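Visitor: The structure is given below, and queries will be raised subsequently.
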Amino acid sequence: MSKRCSGLMRTLRRAASRCAAACVVVFAAVLTACGEIRGRVRDSVRSVARGTVRRGTVRCGTARCGTVRRCVRAVGMWLDGSAGGGNAKTDRPTVVRSQSGQAVGGQPADIDRIASRMAPPALVYLRRRLCVALAALALVSLVVLPLASGGGDGGERDIGDTGSTSVASQGGLRRSAVPAPSLTAARDLSADAQAALDPIFGDADYAVAVVDLSDGGDIVRIDADRVYSSASTYKLFVAYSMMTAVESGEMTWDSPLNGMSLKACLTTMIVDSDNDCPKAWLMRDNERGYATVTAQARSLGATGTTLHYLDVRTTASDLALILTKLHQGTIGTSADRAMVIDLMKRQVYRSGIPAGVASVCGGDCTVADKVGFRDEYLHDAGIVTTPDGSYAFAIMTSGSSWAAIAKASAALYRLVS
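Letter by letter, the sequence shown follows residues -20 to -1, 1 to 397 in mature numbering (1 follows the signal peptide of the UniProt record, and there is no 0).
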């Protein structure tokens, strides 16, 4: 509890310092902009009056004025607070100048007096109030609303596993201590699981979903619906999309993709976590594959999964869902499901769930899983088969390590077995 409180205090201190900095920057920017606009308009009027601006089309702020006389009249009337009111024939300041540029006649030539006078006090007060209102609105948009919404995770910049399997950097996200309300009291082990996993993950963020594959019932849900950058776990949904294309007759496992057969692509994508084959699949038909796979995932009930060229996200709940359907036989043909599960058993990154389950179960258990690792994100999702039954484990983390995921998997195995 004390560790959680200290982490919360650190987060609040960081938020307070950022709020203070944002306040200073926003107020300085808005008020400086107001003063700069006022000064530039005054300088423009003076330069026009002195004949330093060429006769013809000129710029007054952001509006175009036709001639020098029209520009002086428009700006002068604005400065006097009389724009839109008055007679154009009588209120227009006409300046007649000699070749030397000196004023020699006409109506008021000392436009400096007009420019320095600026607007009447009431208009100045109104404009200052407008500047303050704009500053307040900017503060609400930049500071208050993000804090009220609780922020979000950093997101994913591409769909590849370009990260390392070493310990990831610490993240700034915090998980909810309240499990999802969908579990019945008799099956809900979420509180016990969180008590066991909090010390393992420490200050790192994590989400867990565990499903009993005998009936599809949820056993553990800890932030299971929180959206994370998926890293390579999205390839489970690409595998499902490939199975669907083959089952529908659109393609066969011998169809070409990325210079090899579709089956060879599936194999290297799952076993080696290759990125080229899934990208080739998603880039088909002018990148329509992203929308297609997203729609297919949603059709399964994976509502937290989104695939986009620069934004691939999913949840622990969605990963457990597709594992459940793969095991229970509700997607693909039996031969295709067996092939995908066998490839998952052969995948080469086994420092997470496989290592953790083996540490407590030995050779009596098998794990068919798919990992994802990118930047601070380390994820593992797999089907765990034990002498007592089969389970879907989905663990998503930010700022953790494979060793922590292995320990968490061992703790979950002890809890559910």
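Every residue gets a Cβ at the ideal spot worked out from N, C-alpha and C, and that includes glycine.
All values reported here derive from a predicted model rather than from experimental measurement.
Do the stretch 299 to 317 and the stretch 329 to 336 make contact, defined as three or more Cβ pairs closer than 8 angstroms?
Guide: No, the stretch 299 to 317 does not touch the stretch 329 to 336.
Visitor: Considering T377, what are the terminal residues of the beta strand (DSSP E) in which it resides?
Guide: That run of the beta strand (DSSP E) goes G369 to S378.
Visitor: Taking only the alpha-carbon atoms, compute the straight-line gap between V191 and Y393 and give it to the nearest angstrom.
Guide: Each residue's Cα considered, the two are about 12 angstroms apart.
Visitor: Three Cβ pairs or more, each shorter than 8 angstroms: is that satisfied between the stretch 271 to 285 and the stretch 365 to 378?
Guide: Short answer: they don't touch.
Visitor: Under the rule that 16 or more other beta-carbon atoms within 10 Å means buried, what is D322, buried or exposed?
Guide: So D322 counts as exposed.
Visitor: By a C-beta neighbour count over all protein chains shown, 10 Å radius and 16 as the cutoff for buried, is R268 buried or exposed?
Guide: Answer is exposed; the Cβ neighbour count stays below 16.
Visitor: The beta strand (DSSP E) with R201 in it runs from where to where?
Guide: First-last of the beta strand (DSSP E) with R201: G197 to I202.
Visitor: Quick check on V303: does DSSP put it in helix, strand or coil?
Guide: In the sequence as displayed, the identity of residue 303 is Leu instead of Val. In this structure, L303 counts as helix in the three-state DSSP scheme.
Visitor: Output the distance between the C-alpha atoms of I202 and Y214, rounded to the nearest integer angstrom.
Guide: Cα to Cα, I202 sits roughly 20 angstroms from Y214.
Visitor: So which of L242, A225, L216 and Y186 has the shortest CA-CA distance to S253?
Guide: Minimum Cα distance to S253 is reached at L216.
Visitor: Are residue 455 and A211 closer than 8 angstroms when you measure CB to CB?
Guide: Outside the modelled stretch of the chain, which goes from -20 to 397, sits residue 455, for which no answer is possible.
Visitor: Going by C-alpha to C-alpha distance, which of W261, G229 and L303 sits closest to A361?
Guide: For the residues W261, G229 and L303, the minimum Cα distance to A361 belongs to L303.
Visitor: Assuming L177 and A388 are in contact, meaning their beta carbons sit under 8 angstroms apart, how far apart are those beta carbons, in whole angstroms?
Guide: Contact holds; Cβ gap of about 5 angstroms.
Visitor: Can you look up S194 in the DSSP assignment and give me helix, strand or coil?
Guide: It is coil, neither helix nor strand.
Visitor: Just the Cα atoms here: how many angstroms apart are L262 and A271?
Guide: The alpha-carbon atoms of L262 and A271 are separated by roughly 9 angstroms.
Visitor: Where V396 and R167 are concerned, what is the direct C-alpha to C-alpha distance, given to the nearest angstrom?
Guide: About 10 angstroms.
Visitor: Rounded to a whole number of angstroms, what is the C-alpha to C-alpha distance between G182 and T294?
Guide: Roughly 23 angstroms separates the two Cα atoms.
Visitor: Less than 7 angstroms separating the Cβ of R167 from some heavy atom of the ligand SAM?
Guide: The ligand SAM is absent from the structure shown, which contains no ligand whatsoever.
Visitor: Which residues bound the beta strand (DSSP E) around Y357?
Guide: Start and end: Y357 to T366.
Visitor: Taking the alpha-carbon positions, what's the A384 to A189 distance?
Guide: Taking the straight line from one Cα to the other gives about 16 angstroms.
Visitor: L290 to T313, Cα distance in whole Å?
Guide: Computed Cα separation, rounded: 32 angstroms.
Visitor: Spatial neighbours of H359 within its chain, please: CB distance less than 6 angstroms, with the 5 preceding and 5 following residues excluded, ordered by chain position.
Guide: Only A211, T213, G352 and M376 meet the Cβ criterion.
Visitor: Which whole runs of the alpha helix (DSSP H) in the stretch 169 to 243 are 4 residues long or more, in chain order?
Guide: 170 to 181 and 215 to 228, all fully within the stretch 169 to 243.
Visitor: Per DSSP, which one or two residues make a beta bridge with V328?
Guide: Looking at the DSSP assignment, V328 forms no beta bridge with any residue, so it has no partner.
Visitor: Counting C-beta neighbours from all protein chains within 10 Å, is the total for G343 16 or more, i.e. buried, or is it exposed?
Guide: Its Cβ having fewer than 16 others within 10 Å, G343 is exposed.
Visitor: So, for E227: in the same chain, excluding its five sequence neighbours on each side, which residues have a beta-carbon less than 8 angstroms away from its beta-carbon?
Guide: Taken in chain order, the residues that qualify are G312, T313 and D316.
Visitor: Taking just the CA atoms, how far does G281 sit from C341?
Guide: Approximately 32 angstroms between the Cα atoms of the pair.
Visitor: Assuming R268 is part of the alpha helix (DSSP H), what are its boundary residues?
Guide: Start and end: R264 to L280.
Visitor: Over the uninterrupted beta strand (DSSP E) stretch that includes G336, give me the two end residues.
Guide: It is not in any beta strand (DSSP E) - G336 instead sits in the alpha helix (DSSP H) that spans I333 to C341.
Visitor: Return the first residue and the last residue of the alpha helix (DSSP H) that L287 is part of.
Guide: L287 -> not in any alpha helix (DSSP H); beta strand (DSSP E) instead, spanning T286 to H288.
Visitor: Within 10 Å of its beta-carbon, does S297 have 16 or more other beta-carbons around it, so buried, or fewer, so exposed?
Guide: When all chains shown are included, S297 counts as buried.
Visitor: To the nearest angstrom, how far is it from the Cα of S209 to the Cα of S381?
Guide: S209 and S381: Cα-Cα distance of roughly 16 angstroms.
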